[in-house]
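Student: I'd like to ask some things about the structure below.
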Amino acid sequence: MLEGLLFIIMGLITIVCALCVVFQKNPIYSAIFLIQTMVSLAVLYVLLHAQFIAAIQVMVYAGAIMVLFVFVIMLLDLSKTDVEAGRDNLLFQKPSAVILGFILVVMIGIVTLKTVFQGTKGEYTPESISQIGNTQLVGKMLFTKYVFPFEIASILLFAAIIGAIVLAKKQIIEDKKV
Amino acid sequence: MPYFFGCSYLDLIGYVLLFPLAGTIINGLLGKKLSKFVVGIIGCTAIGISFILSFFVFIDLLKLDPEHRVFEIDYFTWIGSGSFEAIAGLQVDPLSVVMILVVTGVGFLIHVYSIGYMHDDDGFYRYFTYLNLFTFSMLLLVLANNFLLMFIGWEGVGLCSYLLIGFWFEKKSASTAGMKAFIVNRVGDFGFILAIMLIFVTFKTIDFTEVFHAAPEHLQMGSFVAIMITLLLFVGAVGKSAQIPLYTWLPDAMEGPTPVSALIHAATMVTAGVYMVVRCNVLYTLAPFSLTVVAVIGGVTALFAATIGLAQNDIKRVLAYSTVSQIGYMFLACGVGAYITGIFHLVTHAFFKALLFLGSGSVIHGLGGEQDMRKMGGLKKYMPTTYTTFLIGTLAIAGIPPFAGFFSKDEVLLDAFSKGSLFLWALGAFAALLTAFYMFRLLFMTFYGKSNMSKHVEEHVHESPMSILIPLLVLALLSILGGFIGFPTASAINSFLAPVIGGGHHGMIDGGDLHHVSNSLMFSMMGISTGIAVAGILLAYLMYVKQPDLPAKLVGKFKLIYTIIYNKYYVDEIYDATIVKPTVKTSFILWKIVDVKIIDGFVNAIARIVELKGEVLKLFQTGYVRNYALSILLGGVIIIVCSLVLL
Amino acid sequence: MILFTWYLILSGVLFSIGAVGVLIRRNAIVIFMCIELMLNSVNLAFVTFSRQLNSMDGQIFVFFIMTVAAAEAAVGLAIIIAIYRNKATVNVDDINLMKW
Amino acid sequence: MNLPILTIITFLPLFGAIWLLFVNGENQEKIKRIALVIAIGDFIISLPLFFKFKLNTSEFQFIENVSWIKEFGISYHVGIDGISLFLFLLTSFLTLICILASWNVKDRIKEYMIAMLILETGMLGVFISLDLFLFYVFWELMLIPMYLLIGVWGGPRRIYATIKFFIFTMAGSVLMLVAIIVIYFMNYEATGEYTFDLLKIYNLDIPMGAQFWLFLAFFFAFAIKVPMFPFHTWLPDAHVEAPTAGSVILAGVLLKMGTYGFVRFSLPLFPYASHQFVPLIAWLAIAGIIYGALVAMVQEDLKKLVAYSSVSHLGFVMLGIFVFNIQGMEGSILQMINHGLSTGALFLLVGMIYERRHTRLIADFGGLTKKMPMFAIFFLIITLSSIGLPGLNGFVGEFLVLVGVFKTNVLYAVLATTGVILSACYMLWMFQRVMFNKLTNPENKKLKDINMREWALLLPITILVFWIGIYPKPIISRMDVSVNHLLTQVDEKYKITLNKLKIEDEEAAYAIKEDESTEHTIEVD
Amino acid sequence: MEIVIPPFDLKSISPILIITISAMLILVADVFFRKTFRDSLGYISFLIVVLTAMVACTQMGKTVYSFSDMFVVDNFSVFFNLIFLVSTAIVILLSVSYIKQEGINYGEYYTLILFATMGMMLMAGGADLLTIFLGLEIMSISLYVLAGFRRDCVRSNEASLKYFLLGAFATCFLLYGIAMLYGTTGTTNIKEIASFLANNPSLSNPMIVTGTSLLIIGFGFKVACVPFHKWTPDVYEGAPTAITAFMSVGPKAAAFAAFTRVFLVALPDVEQKWSIILWVLAVLTMTVGNLVAIVQKNIKRMLAYSSIAHAGYALMAIIAGGDFGSSSLLFYMLAYTFMNLGAFAVVIVLGRKGKENANIEDYSGLGFKHPLLAVTMCIFMFSLAGIPPFVGFIGKFYIFSAAIKNGFIILAIIGVVNSVISVYYYLRVTVVMYMKKPVREFAPLSLSPFVILALIITLWGTIHLGIFPARLIDLAQKSTLLY
């Protein structure tokens with residue numbers, strides 16, 4: 013019951029924050045609200061017995077990634093210039109987006125409600141997880157079953173870093189001057 | 003000299019064809035380099051030899067038993083496809099012999115005449131090439147042993163006619179007239195081709211002998227197929243022989259050189275239709291209805307053309323209409339079943355009409371190309387020989403005994419009366435009156451009265467050279483004597499041709515008792531027709547010699563009728579307005595509207611629509627990222643909804 | 006059991022909000038943040054399913070999604086910086102040289 | 004016959020084209036000579052086909068059969084019979100003529116000759132293919148060089164014309180591709196063998212319903228190529244814009260591919276549908292005959308006139324094919340050759356005066372006979388051949404077609420025969436306006452008569468015109484057996500289908516009867 | 030709890046390993062030996078790709094699942110690997126002089142291309158949705174960067190941004206779809222999903238259907254099918270031409286590989302649903318692609334739309350399914366690789382620094398100024414249009430056959446009609462080259478041996494495989510998916 017109550021509260025917070033992300037004019041506020049959303053999601057993860065995910069949600073996502081966002085916003089000094097101020101060139105964009113979003117919600121809601129889940133039940137019940145420990149379990153899986161994707165992920169990050177460096181290198185400006 | 007190196011002249015029938023062909027090829031290929039004299043010699047020799055050969059063939063044929071006077075020779079299979087077979091083969095029988103004699107004989111004379119007549123022309127060798135080619139085609143036409151081969155000749159003469167009418171191609175009227183001749187002939191050929199096909203489908207063969215042999219068994223008397231075959235054939239004949247309604251090309255054909263008019267458009271080619279009808283007499287006899295049609299068309303044409311002849315002022319045109327009219331007589335004869343009479347008139351007509359044309363050619367030659375009779379007159383003293391021969395021809399055509407035309411025309415009228423009806427006779431008789439009138443009108447206007455020539459012309463008027471006069475004289479002789487081959491009661495031509503009629507040995511048709519009319523009727527008819535002719539002549543004399551101002555008065559009185567007749571009943575104009583112009587107009591509509599606007603427009607419209615769609619779809623590519631995302635989301639939502647709800 | 010359904014619906018709502026955000030915002034970074042929001046909603050779904058199915062695979066998947074998100078963030082922000090350097094704007098509506 | 008003679012003939016031009024690739028483009032004379040030598044050689048080695056052709060067998064001759072793409076059952080299967088023999092020869096003959104006719108092409112002669120030679124390979128390939136896939140490949144292959152010939156060396160509106168040509172033809176043929184694939188799988192289902200081999204597929208009995216659609220698909224491909232009314236509008240444009248040789252090839256060979264396709268594929272593969280479609284095709288053909296002739300009559304451009312006359316002539320061919328009797332079929336095949344010769348020659352002739360005067364408008368001419376007597380003679384002969392004057396080639400084919408048609412349907416024959424009148428109208432009228440009358444246009448006063456090269460172009464065609472007109476037996480006798488075989492084949496298959504239909508009908512009737520009887524009993528009950 | 034790390038089957042991933050390691054080495058080499066190595070980096074990477082291709086060839090004929098069924102080596106993946114490697118190799122050849130000319134001659138360029146290739150190989154060999162997803166991301170991230178590699182060029186930036194935003198957006202849908210499949214089946218492994226769906230009613234389960242639809246969106250974006258195609262023209266136009274060439278073949282093929290594997294192996298039981306959706310999408314894709322291509326003026330953009338249209342044809346192969354379908358897809362993708370890269374090679378050869386000369390009108394009169402190049406371009410255009418005897422025709426023929434075999438005759442007819450429409454714009458290029466007067470002076474071509482080699486390879490592929498496709502067809506038939 014407590015779980016339910018917590019879910020409702022956190023869920024509402026999440027939704028409100030998410031809406032704020034979308035509708036805040038200032039990008040920096042959007043970023044803050046996004047962080048807030050992520051944190052509330054982390055709470056929900058805990059409720060779902062995914063403590064490790066909850067932890068990295070806060071640390072990596074809300075912490076690292078979003079800091080990067082905020083940093084870029086600051087760097088480009090975007091908080092002052094309101095890019096949304098001008099007239100929207102696409103007249104039908106907003107209403108159609110809202111309508112489509114609404115339909116999407118309804119569809120997903122209906123689908124979720126109508127689906128009878130009969131997927132194969134795994135071995136990791138909350139009880140067994142809490143016995144071994146969530147983090148340990150994740151670690152174990154990462155090094156056994158998911159070792160290959162894990163390695164790939166490293167390459168992915170490597171590629172991303174290279175890419176980011178290539179694109180953001182200062183040299184560009186010099187090139188332009190020359 | 004009946005045998006030539008051991009073989010009968012009949013076997014040499016192919017050479018009759020070969021020489022003109024050789025003449026054509028030699029003159030055609032080398033003529034440009036040869037002198038005019040040589041060209042003329044080659045042309046004439048080729049025909050001359052042909053004539054001689056034909057004569058010997060005739061002799062050889064005479065030697066045979068009358069019932070078996072048929073000789074066939076096959077050279078090679080021309081077209082053979084499945085059951086259809088057309089053989090290149092020749093057939094000699096009395097009918098074709100008569101025809102080749104006329105063709106080569108008259109043809110030779112005209113060739114000789116042409117040497118003088120065409121001497122100053124640049125296209126001399128071309129002329130002789132065509133003329134030889136014509137002779138070849140005409141001989142092929144009459145000698146062919148099947149319908150399709152005959153059709154080659156049929157079209158071949160048409161081609162030559164086209165070429166010769168348009169001989170002076172720089173004259174627009176000449177080239178147009180040639181084209182008109184060919185196209186109108188094609189209309190006739192349309193019928194001919196269909197007839198051949200129908201014959202093939204009916205008899206499974208197109209060979210003359212086989213078809214005529216099988217016809218009486220195959221076809222019911224008066225059956226639909228028989229009528230269709232004969233009518234379709236007759237369409238061909240109408241085209242070639244210039245009968246109503248396809249006669250209009252012949253007067254225009256006078257744009258060609260005069261000897262051509264004499265040979266092709268008077269003596270030989272135009273009578274091919276008559277020949278064809280006579281050739282197919284077996285079929286015609288099986289289709290009485292068709293015969294009636296033939297007779298009526300012939301009779302009406304005879305009269306109709308004669309009326310037009312009354313008011314024409316061009317000397318050659320008058321002759322042309324008279325040709326149309328005379329051929330009408332021939333068809334009239336055929337139509338009443340008197341095929342031999344038709345051929346008889348064909349032969350005599352060949353003589354006197356060739357004579358008349360050549361005579362007129364002599365006049366034109368002498369006058370330096372003038373053809374309008376109103377600008378002639380009084381030529382008697384300038385061109386006596388021409389005048390004499392012309393007079394003979396005129397008398398012959400008018401039907402004054404004992405000239406050739408009298409016998410044949412009289413017989414036509416007699417047959418029309420005895421075997422046909424009073425109506426047909428009346429048509430013929432009235433036409434005869436008119437013929438006598440307009441022919442003498444021509445004679446009087448040209449040779450009598452006071453000269454209407456311009457000073458310049460008058461100074462240069464001269465009698466024609468010998469090469470022109472000799473053929474005239476020969477033809478005049480023939481016009482006088484030619485009639486006697488068909489002398490009533492002792493008709494040589496009649497007995498000679500009799501086997502051909504009714505399929506020869508199938509004497510079920512009344513070929514033999516052609517002349518079972520009472521002598522009294524015969525003589526009274528003779529009297530009447532002579533009377534008619536004399537009446538016509540007198541009338542002409544009255545109007546054009548005695549009281550030259552009478553015609554003008556009459557014209558004033560009957561202005562409407564005169565205008566109509568003068569303008570040839572406006573037939574050309576009517577054809578132009580009802581057939582030619584609408585066709586061209588329709589074609590323009592088809593091209594400019596159906597083709598360009600509708601079909602092509604449709605095609606281009608599709609292309610345009612495709613492109614437009616591209617242009618429109620392109621606009622969805624707005625360049626805005628958000629918009630692209632919208633289309634992704636939209637597509638996604640639609641897919642999800644459809645996959646869940648619709649499918 | 007019913008509760009999981011509501012988790013999923015919550016994830017769906019977040020996903021839609023993110024999607025709508027992508028469509029209506031013009032600031033490239035905010036758009037990117039909305040995409041992050043969508044990714045988070047997917048994560049929520051994965052975790053929910055994982056819990057529901059008693060399987061850890063979903064959580065592992067989330068782990069990888071986060072990795073990817075980090076990588077994308079690095080590249081994405083680099084791209085935005087690059088374009089800002091050249092055009093001095095992050096308004097995606099101004100970035101439409103190429104169209105049609 | 005171990006020597007793959009058909010392959011040699013077909014691919015020799017391609018070899019020549021490759022050779023030309025390595026020749027310096029500046030050396031025009033050399034290029035022309037090489038192309039000419041290749042074409043002559045090709046024609047000469049194709050002649051033995053005529054003489055060695057066995058008259059008494061309906062089998063395909065000079066067969067070569069090599070597996071090509073064995074995974075799909077596609078083979079390089081070529082051979083000729085009496086139907087394709089002459090089209091094959093005609094192709095090599097006309098290409099030779101065309102290369103000679105292109106002697107005065109100045110710009111980009113190398114590319115021109117290469118295109119010409121590749122075109123020849125494509126065309127020859129079409130006529131010998133006995134494999135549906137191979138056929139389609141050749142069929143499409145020859146579009147490319149033709150497209151370039153029109154597009155690069157053509158007249159002012161060449162781009163429009165060439166794209167129209169390409170897309171029109173392509174649009175028709177892609178449906179055929181679909182149909183070919185469908186047949187392929189049908190054959191697989193029936194026999195368990197994946198094959199595109201035409202001779203094997205001939206044995207396939209295609210269900211009636213499918214025949215309808217498949218026939219239609221083939222019909223579009225071929226009808227556009229023929230071109231039948233109302234798919235003809237690409238033709239005048241293509242002809243007008245194409246260079247002389249292009250027009251000659253287009254009229255002489257390309258159009259025949261459509262009619263050939265009908266004979267070789269549509270008829271034996273879909274006999275039932277072919278019979279079903281007779282009214283449609285016959286009326287379209289007749290419409291084409293009359294319409295083409297009428298529209299030709301009022302054309303102002305010589306080439307357009309000849310192009311429309313092609314529509315008319317090809318109408319005869321189509322009509323002859325679809326009467327299913329030997330005269331019609333043989334007439335049609337003969338008429339294909341005739342049309343190739345006479346219309347090809349007409350285009351050559353028009354090309355000759357175009358080369359001299361740079362105009363094709365009839366109104367610009369008149370009285371040319373005065374200046375060009377030899378030209379006039381050839382022009383006249385070819386014109387007459389096109390009109391179908393007896394004694395020349397056109398007549399034989401036309402008449403056989405008409406006889407064949409007459410045997411089956413008198414009405415069609417009567418209507419088609421009007422084409423005989425109309426052809427005389429438009430051709431002679433044109434001839435009069437161009438060659439006769441007074442030579443008024445001062446431009447025309449400088450015209451020169453034909454030269455030796457042009458003689459060499461026209462003389463062989465003229466000889467053939469006379470030969471076929473006077474003694475067509477060597478040609479007809481060579482196609483006799485094949486045509487007979489084809490017709491019996493079609494007829495038998497058609498009868499089988501009809502029988503099936505009858506049985507079905509009877510069964511249906513029986514079933515109805517049973518129904519009625521049961522109903523009846525029920526009522527009684 | 031003990032952790033038993035499973036044995037690493039390195040053999041099965043050897044091509045990936047080689048590519049990855051050498052990519053890193055190149056980066057290192059670029060940093061340390063910039064002066065000495067720089068120009069030969071392309072050369073080296075080309076050799077590496079060729080080497081990898083040879084290694085990949087040795088894997089033919091086996092089916093090995095490795096890394097706890099995360100990765101699979103079967104003929105299908107090997108064949109696709111070869112396609113990727115061929116395209117990568119050719120693109121590298123095209124790039125060498127191109128990036129020098131554009132002033133973006135950095136080692137990272139090759140590293141990223143190789144990483145992208147590696148990602149594609151993961152996609153083709155992924156036996157788990159996770160592997161496929163990660164492969165997709167590696168590929169995409171590399172391409173985002175590569176698209177924006179001309180950093181000083183606004184268009185390149187724009188391409189990069191558009192590609193990135195939309196790519197990430199679409200990825201979310203893909204992930205959501207994966208999540209739904211995971212939620213209903215309890216696994217992300219392709220085989221297990223298949224066996225689960227085979228044993229449970231799947232069509233009535235709305236979440237599976239929705240998940241499938243979401244996957245279609247995700248993959249549809251990558252293969253550029255309508256209506257998820259809109260990034261394609263813009264990105265193709267803005268990206269460096271060599272990268273455009275790369276994007277048009279490699280990643281597209283990779284997306285098709287994953288698409289095919291997921292839909293034909295994992296989701297055959299939902300075919301009733303997705304085949305209809307794909308049917309409509311294929312028709313839309315072909316039609317829109319071709320129609321809009323007609324009105325394009327920029328050749329890169331035109332080729333972008335043409336690639337959309339070709340995606341439509343390739344979708345037909347998936348719809349057709351079965352051995353025939355997947356083998357035809359394999360053949361088609363390889364065919365497309367040759368001809369499309371060839372076309373882009375010509376575009377690159379004609380481009381200049383700062384002036385791409387990518388407007389179709391710029392090609393006026395090329396035919397007689399540079400005849401060989403023009404003939405080459407012509408051949409590629411005709412091949413793309415599907416005219417025999419070039420490989421494009423065989424490819425199309427194969428796909429249409431597959432469609433017809435499986436009863437999709439209407440689809441095949443729409444396909445052929447579309448290929449007629451496509452003829453129009455391909456022809457326009459040849460028209461411009463041969464039938465229009467030149468509008469400008471052509472600068473002398475700077476044909477490096479690399480580019481010439483690339484042209485020769487593509488030309489060979491287009492012609493030789495068009496005339497003698499038997500071996501390749503045989504190979505493709507042996508490389509169909511195992512069910």
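Protein chains in written order, with our numbering: chain A, 13 to 190; chain B, 3 to 649; chain C, 6 to 105; chain D, 4 to 528; chain E, 30 to 512.
The beta carbon of each residue, even a glycine, is placed where N, CA and C say it ideally should be.
As the structure is a prediction and not an experimental result, all values here were calculated from the model.
#1: Quick check: the Cα distance between Val117 (chain A) and Cys201 (chain E), rounded to an integer number of angstroms?
#2: Among E:Lys425, E:Lys465, E:Ile439, E:Phe411, which residue has its Cα nearest to the Cα of Tyr455 (chain E)?
#3: Using the beta-carbon of each residue, which ones in chain B are nearer than 7 Å to Asp98 (chain C)?
#4: Does the stretch 216-227 of chain E come close enough to the stretch 612-622 of chain B to have 3 or more Cβ pairs within less than 8 Å?
#5: To which residues of the same chain is Ala313 (chain B) closer than 8 Å at the C-beta, ignoring the five residues directly before and after it?
#6: Measure the C-alpha to C-alpha separation of Gly195 (chain D) and Leu257 (chain D) and round it to an integer number of angstroms.
#7: Roughly how many whole angstroms lie between the Cα atoms of Phe138 (chain B) and Leu50 (chain D)?
#8: What residues match up with Thr500 (chain D) in a beta bridge as DSSP calls it?
#9: Taking 8 Å as the limit between beta carbons, can you name the residues of its chain near Ala93 (chain C), skipping five residues before and five after?
#10: Tell me which residue opens and which closes the alpha helix (DSSP H) that Thr372 (chain D) is part of.
#11: Inspect the beta-carbon positions of Ile390 (chain D) and Gly400 (chain D) and report whether they are closer than 8 Å.
#12: Consider the Cβ of Ser633 (chain B): report whether some Cβ of chain E lies at a distance smaller than 8 Å.
#13: Would you say Ile502 (chain E) reaches chain D, if we count a Cβ-Cβ gap shorter than 8 Å as a contact?
#14: For Lys37 (chain A), decide whether its Cβ has a neighbour in chain E, counting only Cβ atoms nearer than 8 Å.
#15: At what residues does the beta strand (DSSP E) containing Leu445 (chain B) begin and finish?
#16: Taking its Cβ as the centre, do 16 or more other Cβ atoms sit within 10 Å of Lys57 (chain D), making it buried, or is it exposed?
#17: For Val295 (chain B), which option in B:Gln328, B:Ala308, B:Ala335, B:Met271 has the closest C-alpha, if you only look at C-alpha atoms?
Tutor: This is what the structure holds:
#1: On the first sequence, position 105 is the one that residue 117 (chain A) refers to. On the fifth sequence, position 172 is the one that residue 201 (chain E) refers to. Answer to the nearest angstrom: the Cα atoms are 15 Å apart.
#2: Within the fifth sequence, numbered from 1, the residue matching residue 455 (chain E) stands at position 426. For Tyr455 (chain E), the nearest C-alpha among the options comes from E:Phe411.
#3: By 1-based counting over the third sequence, the position of residue 98 (chain C) is 93. The answer, in chain order, is Tyr626.
#4: no
#5: For the purposes of this step, residue 313 (chain B) is taken as the residue at position 311 of the second sequence. Contacts found: Tyr564, Ile567, Tyr568.
#6: Translated into positions along the fourth sequence, residue 195 (chain D) becomes position 192. Translated into positions along the fourth sequence, residue 257 (chain D) becomes position 254. Roughly 35 Å separates the two Cα atoms.
#7: Within the second sequence, the letter at position 136 stands for residue 138 (chain B). Within the fourth sequence, the letter at position 47 stands for residue 50 (chain D). In a straight line, the C-alpha of Phe138 (chain B) is about 34 Å away from that of Leu50 (chain D).
#8: Position 497 of the fourth sequence holds residue 500 (chain D). DSSP, once it has assigned bridges, lists no residue as partnering Thr500 (chain D).
#9: Residue 93 (chain C) sits at position 88 when you count from the first residue of the third sequence. None.
#10: Against the fourth sequence, residue 372 (chain D) aligns to sequence position 369. Segment 371-374, the alpha helix (DSSP H) holding Thr372 (chain D).
#11: For the purposes of this step, residue 390 (chain D) is taken as residue 387 along the fourth sequence, with counting starting at 1. For the purposes of this step, residue 400 (chain D) is taken as residue 397 along the fourth sequence, with counting starting at 1. Not in contact: Ile390 (chain D) and Gly400 (chain D) (Cβ atoms no closer than 8 Å).
#12: As a first step, residue 633 (chain B) is located in the second sequence; it is residue number 631 there, counting from the start. Yes, its Cβ sits closer than 8 Å to a Cβ of chain E.
#13: Taking the first residue of the fifth sequence as 1, we reach residue 502 (chain E) at position 473. Yes, Ile502 (chain E) counts as interfacial toward chain D.
#14: Your numbering for residue 37 (chain A) matches position 25 in the first sequence. False, the Cβ-Cβ gap to chain E never drops below 8 Å.
#15: As a position in the second sequence, residue 445 (chain B) is number 443, starting the count at 1. Not the beta strand (DSSP E): Leu445 (chain B) falls in the alpha helix (DSSP H), residues 424-449.
#16: If you number the fourth sequence from 1, residue 57 (chain D) lands on position 54. By the neighbour-count rule (16 or more Cβ atoms within 10 Å), Lys57 (chain D) is not buried but exposed.
#17: Here residue 295 (chain B) refers to the residue found at position 293 when the second sequence is read from its first residue. Answer by Cα proximity: B:Ala335.
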